[in-house]
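K.L.:
Per the numbering used here: the sequence shown ends with 569, consecutive numbering throughout.
Idealized CB from N, CA, C, for every residue including glycine.
On a predicted model such as this, the values are computed, not experimentally measured, just so you know.
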Amino acid sequence: MIVIAGFALALGVAYSARGQSLASIIDLLDGTQDFQLRVEQRVIVRFPNQPVNVSSGRGENRKSVIYNEEKIGKCLLMDRLIASRPGPKNTLELVTRERQLIRAYLGDGCLAREFYAGAYVERSKDGKLCIDRDLMHARTGAKCEIDKFRLLVPE
415 MIVIAGFALA
425 LGVAYSARGQ
435 SLASIIDLLD
445 GTQDFQLRVE
455 QRVIVRFPNQ
465 PVNVSSGRGE
475 NRKSVIYNEE
485 KIGKCLLMDR
495 LIASRPGPKN
505 TLELVTRERQ
515 LIRAYLGDGC
525 LAREFYAGAY
535 VERSKDGKLC
545 IDRDLMHART
555 GAKCEIDKFR
565 LLVPE
């Protein structure tokens, strides 16, 4: 019932904008005409830039740990990502719910320092963040492609 009322309200606004009266709008809803309604939705996933403790297993902080990079694949599930921060050179470090650290290498012309205030991405239909497909947006306005992902594993 709520959907029908919402549709009728949207239809009423559309027709009143054309200068038609409420009585003529009600006559349209008698079931003799077909209408089409398109609902579009856009979901933005935000990765705040905040200090997140990533456990190295030895209680050391990020500066004193040496990480090895391992291949991780071409896509990440967006639901697993909780934070981001600028990394060394032109990389962005993404933190997962499991406190894993993933390094995203940014495309040419992108600077990691643009992401000091956090990052966001438009959610894709499959719920994944993929290289050479999705754009990472900095809250400062920059848009960057991701060239590759690497899982950072402490030595």
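(1) For Thr-505, count neighbouring C-beta atoms within 10 Å of its own C-beta (all shown protein chains included) and say buried if the count is 16 or more, exposed if not.
(2) Exposed or buried, what is Ala-526 when buried is set at 16 or more other beta-carbons lying within 10 Å of its beta-carbon?
(3) Restricting to runs no shorter than 3 residues, where is the beta strand (DSSP E) found entirely within the region 469-533?
(4) Considering only the beta carbon of each residue, do Phe-563 and Leu-490 sit closer than 8 Å?
(5) Applying the criterion that 16 or more other CB atoms from any shown protein chain within 10 Å of the CB defines a buried residue, is Gly-555 buried or exposed?
(6) Output the distance between the C-alpha atoms of Lys-542 and Gln-450, rounded to the nearest integer angstrom.
(7) Phe-529 to Ile-560, Cα distance in whole Å?
(8) Measuring straight from C-alpha to C-alpha, what distance separates Leu-549 and Tyr-519?
(9) How long is the line joining the alpha carbons of Lys-539 and Arg-494, rounded to whole angstroms?
(10) Let me know if Glu-474 comes out buried or exposed under the rule of 16 or more other beta-carbons within 10 Å of its beta-carbon.
(11) How long is the line joining the alpha carbons of Leu-566 and Ala-531, rounded to whole angstroms?
P.N.:
According to the structure shown:
(1) buried
(2) buried
(3) 481-485, 489-491, 495-500, 505-510 and 515-520
(4) yes
(5) exposed
(6) 31 Å
(7) 13 Å
(8) 12 Å
(9) 16 Å
(10) With a pLDDT of only 48 at Glu-474, under the threshold of 50, the placement of this residue in the model should not be trusted; the figure read from the coordinates follows. Counting Cβ neighbours within 10 Å, Glu-474 comes out exposed, since fewer than 16 surround it.
(11) 22 Å
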